[in-house]
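Numbering (this note's numbering), first residue to last: 48 to 678.
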């Protein structure tokens, strides 16, 4: 850990400090190693000499003790041993007879003394022991042992270490002076190059050049650096443009992610509303069916249904905002769609923009997804509002136009015929020709960073194309912009609509399994179906649905599955059912957004699906249609 920190610290040091540290460390290490070697050799030599001197002292003392030991005169031996006081380092001396008995002694026992002087005994810690036999006529008559505290060795060792440290410090000082001069010669060109690089980076002045101080490797580096700066200067403008574009795209992506998060929130709110509206619309519809036409309660129920339908439209607008509504093309009147959105658009554009509609006095029957066309109109009106920061005038107009072969040649439409034209016109700042060419490109936006994703018009373009239509733009700087939307007209909407509305739902005797986790919605569907003669089996979650199906497999003719349920979702239940009974008819329902439903695989293939909230009338028609299919 410590080495890792030191390595990081060293990497972060300047070249001058690195060079100084390396040279100083190398020089100091060399001197220190030399001093250590000298110290070890000197101390070994001194200790050997010291031991030899102590051995000589022991020999002389032993010789002086021969007579007194031989004639057993301890007083004479004591006098001989007392002469050792001339050597203060000798702390203890003992003379033993041939039997090992102490004959005479001098000084105090050393700490750790064992009481014997055998050759195999270890010397007390910090002492040097020298043992010498006492001979008389060639025979051993006793022994002498001297114990020296080696104070002279310690003194010499301290002096040697002190001198070694002084030499190392002086050497380091000399090295530092030499290194300071050497590193200036070596590092100065590199530091000069670094200073020039920092100045260029700080001032963004690529006309500056580094000064060459020699023809060595650093000089070659300076030449290469100056050449590189020249290339950078040439490409700097292009790099700046690329960087600006990248930052713009990142900001647009961030804004798109924010819009995605808001879309998820809107979709979740719409789902909760759908479940509540399903119960309100369903029970109100049942009540409407059972009240007599001349009852005063009829108008109350009509108001409930009317308000509920407006609330359902609001959830569709939330889903349109989230860009995740389930695609559901149907035949509608464009004029009625625009009228239904008028109040919302007025709130959207604000009070400083005057808003008007000019709708053709005829029915504009088209087959479209109302939610998606509503999303396109919302995007266009939002862009128009942003193009008029100081206020202005915004209008939506409709008319019919006949488009011929020349429009096909211009790739405007796929086939000639009668088209509904929606024009969205503002008196804003307008667009130049370059902007008009890119206006439908993904992520292209003229708004400030954080105020636009650049996705709105590209999505609008894709939606209109999916409906076999066309969208174009006309604009003049300072005058305003007009977007024109062409959608193919369909025929006989009113009669078809009236016929569909007049068709009374038919009941049946079949058994239907309803899997729905919402208690209110589950109870509503049961009441509706049982009121029209069906036998209903209910399930509160996915596992319950499978259990009920296995218990009543022979009776069940249709399974209604909520897409999102606890324990097992609708698609998982469906997969289990068709393994057992591949021909079983299944109807999915959900109030979730298209992306959530798509993750469950429900929108794939030709599965029957109906969005919440759904009226009892539409639900009964859909159920009868499925049951009668290939019956």
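Glycine included, each C-beta is placed from N, C-alpha and C at the ideal position. Predicted model, so just to flag it, every value in this text is computed and none were measured.
Distance CB(residue i)-CB(residue j) smaller than 7 Å
i: residue 338; j: residue 423; result: no
i: residue 473; j: residue 431; result: yes
i: residue 562; j: residue 634; result: no
i: residue 466; j: residue 417; result: no
i: residue 471; j: residue 427; result: yes
i: residue 477; j: residue 442; result: no
i: residue 351; j: residue 331; result: yes
i: residue 123; j: residue 130; result: no
i: residue 596; j: residue 625; result: no
i: residue 450; j: residue 463; result: yes
i: residue 240; j: residue 269; result: yes
i: residue 181; j: residue 189; result: yes
i: residue 328; j: residue 355; result: yes
i: residue 253; j: residue 279; result: yes
i: residue 628; j: residue 557; result: no
i: residue 109; j: residue 179; result: yes
i: residue 132; j: residue 196; result: no
i: residue 236; j: residue 265; result: yes
i: residue 226; j: residue 67; result: yes
i: residue 380; j: residue 438; result: no
i: residue 121; j: residue 85; result: no
Three-state class that DSSP yields for residue i in the structure shown
i: residue 657; result: strand
i: residue 474; result: coil
i: residue 544; result: Reliability of the predicted coordinates at residue 544 is poor, the pLDDT of 45 falling under 50, and the value obtained from them is presented with this limitation in mind. Reduced to three states, the DSSP call for residue 544 is helix.
i: residue 167; result: Low confidence applies to residue 167: its pLDDT is 49, below 50, so where it sits in the model is not reliable, and the reading given next is rough at best. Coil at residue 167, not helix or strand.
i: residue 666; result: helix
i: residue 184; result: coil
i: residue 604; result: strand
i: residue 502; result: Unreliable placement is indicated for residue 502, whose pLDDT of 47 sits below 50; the coordinate value is still reported in the next sentence. It is coil, neither helix nor strand.
i: residue 466; result: strand
i: residue 337; result: helix
i: residue 623; result: helix
i: residue 75; result: helix
i: residue 254; result: coil
i: residue 434; result: coil
i: residue 379; result: strand
i: residue 147; result: coil
i: residue 393; result: helix
Residue from the options with nearest C-alpha to residue i
i: residue 323; options: 274, 568, 606 and 536; result: 568
i: residue 468; options: 435, 477, 481 and 420; result: 420
i: residue 44; options: 273, 670 and 85; result: The requested residue 44 is not part of the displayed model; the chain covers only 48 to 678.
i: residue 390; options: 404, 378, 381 and 377; result: 404
i: residue 667; options: 573, 627 and 611; result: 573
i: residue 347; options: 357, 335, 356 and 358; result: 335
i: residue 425; options: 112, 380 and 504; result: 504
i: residue 515; options: 524, 376, 440 and 555; result: 376
i: residue 486; options: 513, 274 and 520; result: 520
i: residue 673; options: 267, 128 and 559; result: 559
i: residue 444; options: 461, 530 and 481; result: 530
i: residue 611; options: 565, 145 and 109; result: 565
i: residue 261; options: 233, 277, 281 and 249; result: 233
i: residue 479; options: 526, 454, 99 and 453; result: 526
i: residue 80; options: 119, 341, 211 and 343; result: 211
i: residue 100; options: 655, 484, 64 and 134; result: 134
i: residue 111; options: 439, 126 and 98; result: 126
i: residue 552; options: 148, 661, 654 and 665; result: 665
i: residue 4; options: 316, 251 and 397; result: Any answer about residue 4 is impossible in this case: the structure gives the chain only from 48 up to 678.
Rounded distance between the beta-carbons of residue j and residue i, thought under 8 Å
i: residue 176; j: residue 194; result: 5 Å
i: residue 606; j: residue 663; result: About 19 Å separates the two Cβ atoms, so there is no contact after all.
i: residue 407; j: residue 446; result: 5 Å
i: residue 448; j: residue 537; result: The Cβ separation is near 15 Å, so there is no contact.
i: residue 475; j: residue 528; result: 6 Å
i: residue 659; j: residue 637; result: 6 Å
i: residue 70; j: residue 229; result: 7 Å
i: residue 429; j: residue 395; result: 7 Å
i: residue 145; j: residue 187; result: 6 Å
i: residue 267; j: residue 255; result: Between residue 255 and residue 267 the Cβ distance is about 19 Å, and since that is not below 8 Å, they are no contact.
i: residue 224; j: residue 82; result: With 8 Å as the limit, residue 224 and residue 82 do not qualify as a contact, their Cβ atoms being about 20 Å apart.
i: residue 681; j: residue 578; result: With the chain covering 48 to 678 only, the question about residue 681 has no answer from this structure.
With a cut-off of 8 Å, do at least 3 Cβ pairs link the segment 575-591 to the segment 607-625? Flag = yes, the segment 575-591 and the segment 607-625 touch.
Would you call the segment 102-114 in contact with the segment 131-148, where contact means no fewer than 3 C-beta pairs closer than 8 Å? yes
Does the segment 216-232 come close enough to the segment 64-75 that 3 or more CB-CB pairs lie under 8 Å? Counting Cβ pairs under 8 Å, three or more are found: they touch.
Should the segment 200-211 be regarded as contacting the segment 79-96, the criterion being three or more beta carbon pairs within less than 8 Å? yes
Taking 8 Å as the cut-off, does the segment 285-292 touch the segment 254-273 (at least 3 CB pairs, one atom from each stretch)? By the Cβ test, the segment 254-273 is not in contact with the segment 285-292, since fewer than three Cβ pairs between them sit closer than 8 Å.
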